[in-house]
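Numbering of the sequence shown is given in full-length UniProt numbering, commencing with residue 1 and proceeding in unit increments. Cβ atoms here follow ideal geometry from the backbone N, Cα and C, with glycine treated the same way. None of these values were measured; they are calculated from a predicted model.
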Amino acid sequence: MSARKKNRQGAERRFSKLQAGTTERRRPAGAKQHRTDLRDRWESYRSHHGQVAADALKRLFKQPLATLMTSLVLAIAMALPMGLYVMLNNIEAVSQGWDGAARLSLYLKSDINDRAAQQLQSELKRRAEVLEARYISSEQALLEFREQSGLGDVLDQLDRNPLPALIVITPKPAYSSQQKVDALRLELEKLPQVDQLRLDMAWLQKLNQITEVSRRLAGVLAAMLAMGVLLIVGNTIKLAIESRRDEILVVKLVGGTNAFVRRPFLYSGFWFGLIGAVLAWSLLQACLIWLSGPVAGLSALYGSQFELLGLGFGNSILLILAGAGLGLLGALLVVGRELAAIEPR
């Protein structure tokens, strides 16, 4: 091998080593890959959501009349079932003290004198089912009716006392069920001294049945009006999407995702539901304040300490959360389908 050939091979080896060393030295000088940690991602996500929520609220306030009208419709739709719910709660509160207070009123025949009536009272007291048997003479009944009705002048014009004597029977708690009270009623109706028997609990049972039917109707009404809220919010968000169609196209052209585009509209639905729920709560509170005075006066006439019940803290929070959730759900049902139809060509 010639000296020239050896020199050339040595030069090639040195150049290869030099090139490899240069590459190794230049590699660290290049751009470094930066990894974003989870905390930075969460802060960016939270900041963007806050900005979008604030911007959606500002857009609603830029059209105050349209926002107010839509929110009032939502408020009425949410206030109606909640108002019925409050009314049923007040009815149950009024009748709560009467539950289980079944009383049998035995109206005696007109030819039964006080001695025979008191003897019958003693016999009824000894029955195993009876807790208390109170005798009310016809004169005592007339006096109580005069005091409670305020019709003393009318009663003075009557030739005779129209009210019969009666015995009021209160069953023991062990015999206060509907089946046992009915059995006792059938036995007492057969007594020869009894002209008529009235079960004072019958009207309360009817009231409880009416209340139960009303409560179920309130549930049906609430479900129907919740569907109405979804439709109202969905239609409002649909119109908002159509009005910002060009803006959505531009955002998608520069690479905006569907999740990024639909976020402002979801917050708009959330704000509509929240504002509607707050207005519904305000309407209910105003109605309760307006009715509290007459209700207090009516209860005072009957010697009662009843006060009108409101929604309470828990139900108020539930109403507001339900309104906000319905608004968000109504927007969610519409946004995905509408945005899928808006694609740049």
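In or out: Val334 buried (at least 16 other Cβ within 10 Å) or exposed? So Val334 counts as buried.
Suppose only complete runs of 3+ residues qualify. What are the beta strand (DSSP E) ranges in the segment 183-265, listed by chain order? Every beta strand (DSSP E) of 3 residues or more that sits fully in the segment 183-265 is shown, in chain order, as 194-199.
Kindly indicate which three-state DSSP category Pro344 falls into: helix, strand or coil? The three-state secondary structure of Pro344, taken from DSSP, is coil.
Straight-line CA distance for Pro249 to Ile232? Looking at the sequence shown, residue 249 is not Pro but Leu. Whole-angstrom Cα-Cα distance: 25 Å.
Buried or exposed: which applies to Leu106, given that a residue is buried once 16 or more other Cβ atoms fall within 10 Å of its Cβ? Buried is the label assigned to Leu106, since at least 16 other Cβ atoms lie within 10 Å of its Cβ.
Three or more C-beta pairs under 8 Å: does that hold for the segment 211-223 against the segment 81-89? Contact between the segment 211-223 and the segment 81-89 is present, because at least three Cβ pairs lie under 8 Å.
Can you list, in chain order, the residues of its chain with a C-beta nearer than 6 Å to that of Gly310? Leave out the 5 residues immediately preceding and following it. Cβ neighbours of Gly310 beyond the five flanking positions: Leu288.
Give the C-beta separation of Ser71 and Gly276 to the nearest angstrom, bearing in mind that I take them to be a contact with Cβ-Cβ under 8 Å. At roughly 5 Å, the Cβ-Cβ gap stays under 8 Å, so Ser71 and Gly276 are in contact.
Could you spell out the range, first to last residue, of the alpha helix (DSSP H) harbouring Leu163? Run containing Leu163: none; DSSP gives neither H nor E here.
Leu321 beta carbon less than 8 Å from that of Gln90: Gln is not the amino acid found at residue 90; the sequence shown has Asn there. No, they are not a contact pair.
Would you mind sorting Leu260 into buried or exposed? The rule is 16 or more other CB atoms within 10 Å of its CB. It should be pointed out that residue 260 corresponds to Phe in this sequence rather than to Leu. Exposed, by the Cβ-count rule.
Determine whether the beta carbon atoms of Leu88 and Ser292 lie at a separation below 8 Å. Contact annotation: Leu88 and Ser292 have beta-carbon atoms that are not nearer than 8 Å.
Which whole runs of the beta strand (DSSP E) in the segment 54-96 are 3 residues long or more, in chain order? As far as the segment 54-96 is concerned, it has no whole beta strand (DSSP E) run of at least 3 residues.
Let me confirm a value: Ala102 is counted as buried when at least 16 other C-beta atoms fall within 10 Å, else exposed. Which label applies? Around the Cβ of Ala102, a 10 Å sphere holds 16 or more other Cβ atoms; the residue is buried.
Looking only at its chain, what residues have a beta carbon closer than 8 Å to the beta carbon of Leu230, apart from the 5 residues adjacent to it on each side? Sequence-distant Cβ neighbours of Leu230 in its own chain, meaning closer than 8 Å and more than five residues away, are Leu326, Leu329, Gly330 and Leu333.
Could you check the C-alpha separation between Val130 and Pro171 for me, to the nearest Å? Between Val130 and Pro171, the C-alpha separation is close to 5 Å.
Answer with buried or exposed for Ser236, where buried requires no fewer than 16 other C-beta atoms within 10 angstroms of its C-beta. In the sequence as presented, Ser is not what sits at residue 236; that position holds Thr. With a 10 Å radius around the Cβ and a threshold of 16 neighbouring Cβ atoms, Thr236 comes out buried.
Output the distance between the C-alpha atoms of Pro294 and Ala286, rounded to the nearest integer angstrom. For Pro294 and Ala286, the gap between their C-alpha atoms comes out near 14 Å.
Cα separation between Gly312 and Tyr267? Those two C-alpha atoms are separated by around 28 Å.
6 Å Cβ shell around Ala77 - same chain, five flanking residues per side excluded: Correct list, in chain order: Leu225, Gly228 and Val229.
The beta strand (DSSP E) spanning Ala133 covers which residue range? Val130 to Ile136 is the extent of the beta strand (DSSP E) around Ala133.
Near Asp99, what residues of its chain come up, given a Cβ to Cβ distance below 7 Å and the 5 sequence neighbours on each side ignored? Caution is warranted here: a pLDDT of 49 is assigned to Asp99, below 50, making its placement in the model unreliable, and the coordinate value is therefore given only provisionally. Apart from the 5 residues on each side of it in sequence, Asp99 has no Cβ closer than 7 Å to any other Cβ in its chain.
What residue does the beta strand (DSSP E) around Leu120 start on, and which one ends it? Counting along the chain, Leu120 falls outside any beta strand (DSSP E), though it belongs to the alpha helix (DSSP H) covering Asp114 to Lys125.
Residue range of the beta strand (DSSP E) that Leu309 falls in? DSSP places Leu309 outside any beta strand (DSSP E), giving it a letter other than H or E.
Mind checking which residues open and close the beta strand (DSSP E) that includes Tyr175? Where Tyr175 is concerned, there is no enclosing beta strand (DSSP E), given that its DSSP letter is neither H nor E.
Looking only at C-alpha atoms, which of Trp42, Arg46, Ala53 and Leu38 sits nearest to Phe270? When only C-alpha atoms are compared, the closest one is Ala53.
Let me make sure I understand the geometry here. Which of Asn208, Ala128 and Glu242 has the alpha-carbon closest to that of Val181? The residue among Asn208, Ala128 and Glu242 with its C-alpha nearest the C-alpha of Val181 is Ala128.
How would you label Phe61, buried or exposed, when you count the other beta carbons within 10 angstroms and need 16 or more for buried? With fewer than 16 other Cβ atoms inside 10 Å of its own Cβ, Phe61 counts as exposed.
Cβ distance (whole Å) where residue 400 is taken to contact Leu163 below 8 Å: Outside the shown range of the chain, which is 1 to 345, sits residue 400, and nothing can be said about it.
Are there 16 or more other CB atoms within 10 angstroms of the CB of Pro264, so buried, or fewer, so exposed? Here Pro264 is buried: its Cβ has 16 or more other Cβ atoms, across all protein chains shown, within 10 Å.
Going by DSSP, name the residue or residues bridged to Tyr107. DSSP lists Leu166 and Gln196 as partners of Tyr107.
Is it buried or exposed for Trp281, if we count other Cβ within 10 angstroms and need 16 for buried? Of the residues assessed, Trp281 falls on the buried side of the cut-off, its CB having 16 or more other CB atoms within 10 angstroms.
Exposed or buried, what is Thr257 when buried is set at 16 or more other beta-carbons lying within 10 Å of its beta-carbon? Flag for Thr257 reads exposed.
Comparing alpha-carbon positions, which option in Gly323, Ala240 and Leu191 lies nearest Val73? Among Gly323, Ala240 and Leu191, the Cα nearest to that of Val73 is on Gly323.
Could you check whether Ile167 and Gln119 sit closer than 8 Å to each other, using their CB atoms as the reference points? No, the Cβ-Cβ distance between Gln119 and Ile167 is not below 8 Å.
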